[in-house]
Every structure is written in structure tokens, then in C-alpha cells.
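Our numbering numbers the first residue of the sequence shown as 18 and each following residue consecutively. Just so you know, even glycine gets a beta-carbon here, dropped at the ideal spot from N, CA and C.
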Amino acid sequence: MHMEKGEGRRSQEERRAETRARLVDATIKLLNEKGAGQLTMEEVAREAGLTRGAIQYHFENPKALLVESIFEIAERLSHHLDAEALVRLPLEERIDRIVDNYWQGFGGTNYTAFIEIAMRGRQDAEFESAITSALAEVDKKRAIVWQAVFADSGRNREEIQSWRRMLMITLRGLALTKMISGDWEKVSLHIDQFKDMLKRYLTE
Numbered sequence: 018m019h020m021e022k023g024e025g026r027r028s029q030e031e032r033r034a035e036t037r038a039r040l041v042d043a044t045i046k047l048l049n050e051k052g053a054g055q056l057t058m059e060e061v062a063r064e065a066g067l068t069r070g071a072i073q074y075h076f077e078n079p080k081a082l083l084v085e086s087i088f089e090i091a092e093r094l095s096h097h098l099d100a101e102a103l104v105r106l107p108l109e110e111r112i113d114r115i116v117d118n119y120w121q122g123f124g125g126t127n128y129t130a131f132i133e134i135a136m137r138g139r140q141d142a143e144f145e146s147a148i149t150s151a152l153a154e155v156d157k158k159r160a161i162v163w164q165a166v167f168a169d170s171g172r173n174r175e176e177i178q179s180w181r182r183m184l185m186i187t188l189r190g191l192a193l194t195k196m197i198s199g200d201w202e203k204v205s206l207h208i209d210q211f212k213d214m215l216k217r218y219l220t221e
């Protein structure tokens with residue numbers, strides 16, 4: 018059967034994207050298991066079921082792989098919220114859902130990997146630029162959804178966004194607490210307390 022050039026090109030591009038995704042997934046998994054200090058490209062290749070040459074073909078150096086991982090993690094952290102579905106729920110249930118969704122991102126393996134990369138590259142301008150850019154994109158997407166979800170709360174835009182920023186600061190701190198202490202019970206208690214505060218603020 019004759020194959021159009023475009024079809025072959027798309028297939029090659031899809032395979033390339035799949036391979037890069039496998040390498041990024043393997044990087045995130047190993048960052049969680051071993052930390053950035055113990056990460057080697059040989060281990061990433063083995064975890065992804067690929068050769069060291071595959072990494073070198075897709076990423077010119079280890080830093081390029083980590084920078085790609087930053088943007089992939091940011092993309093994953095900005096997903097999973099459906100504003101149209103949330104606005105149909107009672108206000109208190111919306112708060113529970115959206116706070117839980119944020120914590121799923123901050124409390125999961127993706128954010129742990131993000132922190133590992135950030136710590137490894139904290140004095141590197143290229144890492145700093147990638148992290149700043151990735152976080153700005155996540156923040157922009159989440160701000161739009163948050164505003165839509167709580168637009169009917171009777172609070173102005175600045176108040177609504179101020180509470181979102183406070184939630185982000187709180188969850189970042191709790192994520193680090195969980196990483197260091199592993200105390201899930203205490204972290205869950207603090208999240209419930211934050212939900213209660215937000216409910217009181219938006220319903221009074």
C-alpha cells in the first residue's frame with residue numbers, strides 16, 4: 018500500500034515524541050526514587066528501556082533532558098480542572114474539589130521531581146529561566162480557571178486571586194513538609210483547615 022510522505026513524517030514525529038516522553042517519565046520516576054544527586058543518564062536510559070545513545074540523540078546533554086522535564090511537569094500540573102463542571106457545584110463542594118486538585122499536583126511525584134531539578138540547578142541561569150517560564154505558564158492557566166470557578170462568590174478579582182496565591186504558598190510548604198517528614202496525617206489536617214478558612218471567607 019502506498020504511503021503518503023506526510024503519513025510517514027507524522028509517524029516518525031509521533032515515535033520521536035513517544036521516545037522523548039518515555040525518557041522524561043523515566044527521569045521523573047528516578048528523581049523521586051533517588052534524587053537529582055544520584056541521577057545518571059545510564060539509569061534513565063535503562064528505566065525507559067532505551068540505550069544511552071537514544072538520550073544523546075534526543076537530548077544533547079543531561080541538562081537538556083532536565084529542562085524538558087521541567088516543562089513537561091509544568092504541563093501536567095496545569096491540567097485536570099474543568100471550570101464548567103466545577104461552577105455547577107455548590108460553593109463549598111467547589112472549594113473541596115479545587116483544593117484537592119491543587120494538592121494532588123503539589124503532593125505527587127511530579128512536584129517532587131520538580132523540586133529536585135530546581136535544587137540541582139538553582140545556581141544555573143538556564144535552569145532558572147526554564148523554571149520561571151514554566152511556573153508562569155502554570156500560574157496563568159490556573160488563575161483563569163480559579164477566577165471562573167469563584168466569579169459568583171461575591172468577592173472581587175483581587176480578593177479571589179489573593180486566596181489562590183495563599184493556597185499556592187501553603188501547599189508548596191506542605192509539599193516540602195511531606196517530602197522531609199513523610200507525615201501525611203499532619204499535612205491532611207492542614208489542608209482541611211485551609212479548606213475551612215476558605216469556605217468561611219467565601220460564604221460569609
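- Per DSSP, SER170 lies in no alpha helix (DSSP H) segment and is marked neither H nor E.
- Residue environment for ASN127: buried (at least 16 other C-beta atoms within 10 angstroms of its C-beta).
- Straight-line measurement puts the Cα of ARG189 at about 10 Å from the Cα of MET183.
- With 16 or more other CB atoms across the displayed protein chains lying within 10 angstroms of its CB, SER86 is buried.
- A contact is defined here as three or more CB-CB pairs under 8 Å, and the region 147-155 fails this definition with respect to the region 113-120.
- Take the alpha-carbon of LEU219 and the one of ALA165: they are about 14 Å apart.
- Close CB contacts of LYS212 within its chain, under the 7 Å cut and outside five residues either way in sequence, are with ILE112, ASP113, VAL116 (chain order).
- The beta carbon of PHE76 is closer than 6 Å to those of LEU82 in its chain, skipping five residues each way along the sequence.
- Excluding its 5 nearest sequence neighbours in each direction, SER170 has C-beta neighbours in its own chain below 6 Å: LEU219, listed in chain order.
- Judged by DSSP secondary structure, PHE131 falls within the alpha helix (DSSP H) whose first and last residues are 126-137.
- For the pair PHE131 and ILE197, the CB atoms are not nearer than the 8 Å cut-off.
- In this structure, LYS80 keeps its C-beta atom at 8 Å or more from the C-beta atom of GLU64.
- For LEU83, the enclosing alpha helix (DSSP H) stretches over residues 79-94.
- Sequence-distant Cβ neighbours of MET185 in its own chain, meaning closer than 6 Å and more than five residues away, do not exist here.
- Per DSSP, the unbroken alpha helix (DSSP H) holding PHE123 starts and ends at 108-123.
- Judged by DSSP in its simplified three-state form, VAL204 adopts helix.
- DSSP places GLU221 in no alpha helix (DSSP H); its state is neither H nor E.
- Taking the Cα of LEU67 as reference, the smallest distance to any Cα among ARG172, LEU94, ALA38, ARG93 is reached at ALA38.
- Residue state for GLY70 is assigned as helix, using DSSP reduced to three classes.
- Counting the other CB atoms within 10 Å of its CB gives TYR119 a total of 16 or more, which places it among the buried residues.
- Contact annotation, ALA43 with ARG137: C-beta distance approximately 17 Å; criterion of less than 8 Å not satisfied.
- Apart from sequence neighbours up to five positions away, the residues of its chain that approach ASN49 with a beta-carbon distance below 7 Å are THR126, THR129, ALA130, ordered along the chain.
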